[in-house]
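Here's the structure we're looking at; comments come further down.
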Amino acid sequence: ETSGTGVSSEEPDEHPPESDEGSEEVAREPAEPEAPVEEKEPETSAAAAAHRHLASELPGVAPEDLLGVYQSPLEPSWASVRLSAPGREGSPYVVYLEREDEGWEARRSILADAPDYPERAEPALEGVPATLVDLLYPTPPEVLPTSPEEGAELVIDQDAALRDEWAPAAEEVSGDHAQVRIEREDDPEEYTNVYLARDTGTGGWSARSVGRDLEPQDLPGFPEELGGGGSLPEVGPAEVPPPEPVMDGVPEDRSERVEESLDGIREVVEGYEGVVGVHVRDLEGGWSYGMRQEEEFFGASVVKVPIMAAIYRKVESGELSYGETFEVTDEDYAGGAGGLQWQDTGTRHTLEDYLWLMMTQSDNVATNVLLRLAGGPDSVNEVSRELGAEDTVLRGKVTDQRAAVPSLDNQTTPLDMARMLERIRAGEVAGPERTEDMVGFLYQNNVEFWVEAGVPPEVGVANKGGWIDGVYNDAAIVEYEEGPYIITVFSKYGPFEVSLGEPVLQEISREVWKAQKEPGEDED
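Numbering-wise, our numbering puts 114 at position 129 of the sequence shown, and it's gapless, one number per residue.
Structure below.
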């Protein structure tokens, strides 16, 4: 294993599944005045920028998690930074950054945990230079190089853009650290530096970072004479709001039951390994309750709901029609859920078929076809804002790979998705016929049954869920005859084993049912 330029990973399954307003609080403490937001200077170090972005959101990230930096020799305005992923030894987070005049900005990130399926990363890393994407899973050497020059040659060999044209040109060694200049053989002005460290046990040299103009913060542990000696900024720890129960407009005759339900939900949430947010909205009374309902979570496959809404806006306007056929293109590819990934490019299906596949089978390729037809992420985000989902943001395609933090991924909140489902059901997206179609697709969801597990089998549930690498989400309309309601449950940074992650959604659904059901109604 070579930090910064190579990493070993666990082998995935043969076909990895989809990782698919004013309110009144219960027992609210007096609010502390908000401290003024301290503006930070842009980071001139790629590692510092990546660390600051992750550590401000992701619990457990520490400066010592930095594994290495790779500033692209051919496109030096781009760099990738590897950091250890808490709880995922051997599968680091990789953050891709672009340098602007002010400093480095994080653009994309990914959990590097599928080395046998490198093509799955491409849709998630759209816009990142191909050379950096290709280096996501470099092949580690069987034996570490015995000299810094050999270590630099390995870096050249791993980057196809450098191979056969670049070579080591100068070397400087300081104890167990070294810097090797590599350059283009026919143009010495085109060069970069490889920074290596020697393993005191084996004596072998491994590359830690690569870059022409790295900062000391990019090279912690390296001596000053080689450009190192810096330290990453102090950030965090990441602050997650406590699971304080919130009630808004709950009538007196329901308040006691709702408070009891919230107590049960809080017990479930506090006993969970990750972070959970919940929002419940009574559709007849208009009152609501929950906790962490405005926290930002990974959207996972639940973002297929706003994509559906954007498509139906175009159907209503006549821009698209149900029976019209569209082909699958190379740019629509994604691994994970659904069978279209195994069909040939150029295959054509009707718009209705793509909608059915997206909403009932959670097909990711069908989703990306529809995202393209909707006009891309910006168009879907505009529809989300129109429907009151201000914090729902699509940043790219839907894939079976997730970013390190929601702010680098497709994101939403429990409150946003409840608002969106309410407006879909109320006919604010399309007319009566198309509204029936949309809710019908949600009823036919054949993938996630988490909210359904918390209500009696005779109660109808129209939902869209999604899960991916420690993320478990479900957004549902529960058509309880005595009082329909919406429940949205989102989680992040939980256990990677699905059998450990999904029960929290089921348990919360059961607690909500206790508050929503009429007295005397059977719980089972």
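Where is the CB? At the ideal position from N, CA and C, for every residue including glycine.
The structure displayed is predicted, hence computed values, not measured ones.
Report yes or no: do three or more beta-carbon pairs, one from the segment 431 to 438 and one from the segment 406 to 423, lie closer than 8 Å? no
If you drop the 5 nearest sequence neighbours on each side, which residues of the same chain put their C-beta closer than 6 Å to that of V46?
-> L39 and A40
Let me know the secondary structure DSSP gives R357 once reduced to three states. helix
For P130, three-class secondary structure by DSSP
coil
**Message:** Quick check on this structure: which residue in G234, A294 and R239 has the alpha carbon closest to the alpha carbon of L372?
**Reply:** A294
Which of helix, strand or coil does DSSP assign to R73?
coil
Compute the Euclidean distance between the alpha carbons of D317 and V383, then round it to the nearest angstrom. 9 Å
Grouping DSSP H, G and I as helix and E and B as strand, with all else coil, what is E9? With a pLDDT of 38 at E9, under the threshold of 50, the modelled position of this residue cannot be trusted, and the question is left open.
- Take F282 as the anchor and find which of T398, T345, D315 and Q346 has the nearest alpha-carbon. T398
- Measure the alpha-carbon distance for E241 versus Y428 and round it to whole angstroms. 31 Å
Under the three-state reduction of DSSP, which class applies to E503: helix, strand or coil? coil
Can you check whether the CB of A146 is closer than 8 Å to the CB of L82?
no
Could you give the DSSP three-state label for Q491: helix, strand or coil?
helix
Quiz item: Three-state secondary structure (DSSP) at E14?
Solution: Because the pLDDT at E14 is just 44, under 50, the model does not fix this residue reliably, and the point stays unresolved.
With DSSP as the reference, identify every bridge partner of D172, one or two as the case may be.
R169
(Q) Quick check on this structure: which residue in A359, D184 and E255 has the alpha carbon closest to the alpha carbon of E304? (A) A359
Cβ pair count under 8 Å reaching 3, the segment 253 to 266 against the segment 475 to 493: yes
- Message: Classify G331: buried if its beta carbon has 16 or more other beta carbons within 10 angstroms, exposed otherwise.
- Response: exposed
_Could you pull the DSSP bridge partners for M276 from this structure?_
V263
message = Using a Cβ-Cβ cutoff of less than 7 Å, which residues in the same chain neighbour R37 once the five nearest sequence positions on both sides are dropped?
response = E28, P218 and V220
Would you list the residues sitting across from A32 in a DSSP beta bridge? The partner list for A32 (beta bridge, DSSP) is empty, contrary to what the question assumes.
Identify the residues that DSSP records as bridge partners of K477: which are they? V260
Please work out which residues of its chain come closer than 6 Å, Cβ to Cβ, to G30, disregarding the five sequence neighbours upstream and downstream, and give them in chain order. The sequence given here has Ser at residue 30, not Gly. The residues are E200, Q202 and D203.
Write down the C-beta distance between V165 and P133 rounded to the nearest angstrom, noting that I regard them as a contact closer than 8 Å.
5 Å
- request: Note down the Cα distance separating R370 from V79, rounded to an integer number of angstroms.
  value: 30 Å
C-beta contact flag for Y478 and P77 at 8 Å
no
**Distance between L342 and T596 (C-alpha atoms, nearest Å)** = With the chain running from -14 to 509 in the structure shown, residue 596 is simply not present.
Can you give me the C-alpha to C-alpha distance between E514 and K449, rounded to a whole angstrom? It is not possible to answer for residue 514, since the shown part of the chain is limited to -14 through 509.
With a Cβ-Cβ cutoff of 8 Å, do S515 and E42 count as a contact?
A query on residue 515 cannot be resolved here, the shown segment of the chain reaching from -14 to 509 and no further.
Exercise for review: With DSSP collapsed to three states, give me the class of G445.
Suggested key: strand
Exercise. Looking only at DSSP bridge pairs, what is N458 linked to?
Worked result: G451
Determine which residues share a DSSP beta bridge with S484 and list them. Looking at the DSSP assignment, S484 forms no beta bridge with any residue, so it has no partner.
- Item | Start and end residues, beta strand (DSSP E) containing F311 | T310 to E312
Practice item. Check whether the Cβ atoms of S65 and Y55 lie closer than 8 Å to each other. Key: yes
Discussion item. Taking 6 Å as the limit between beta carbons, can you name the residues of its chain near E503, skipping five residues before and five after?
Written reply: E467
Exercise for the section: Could you have a look at T420 and say whether DSSP puts it in helix, strand or coil? Expected result: helix
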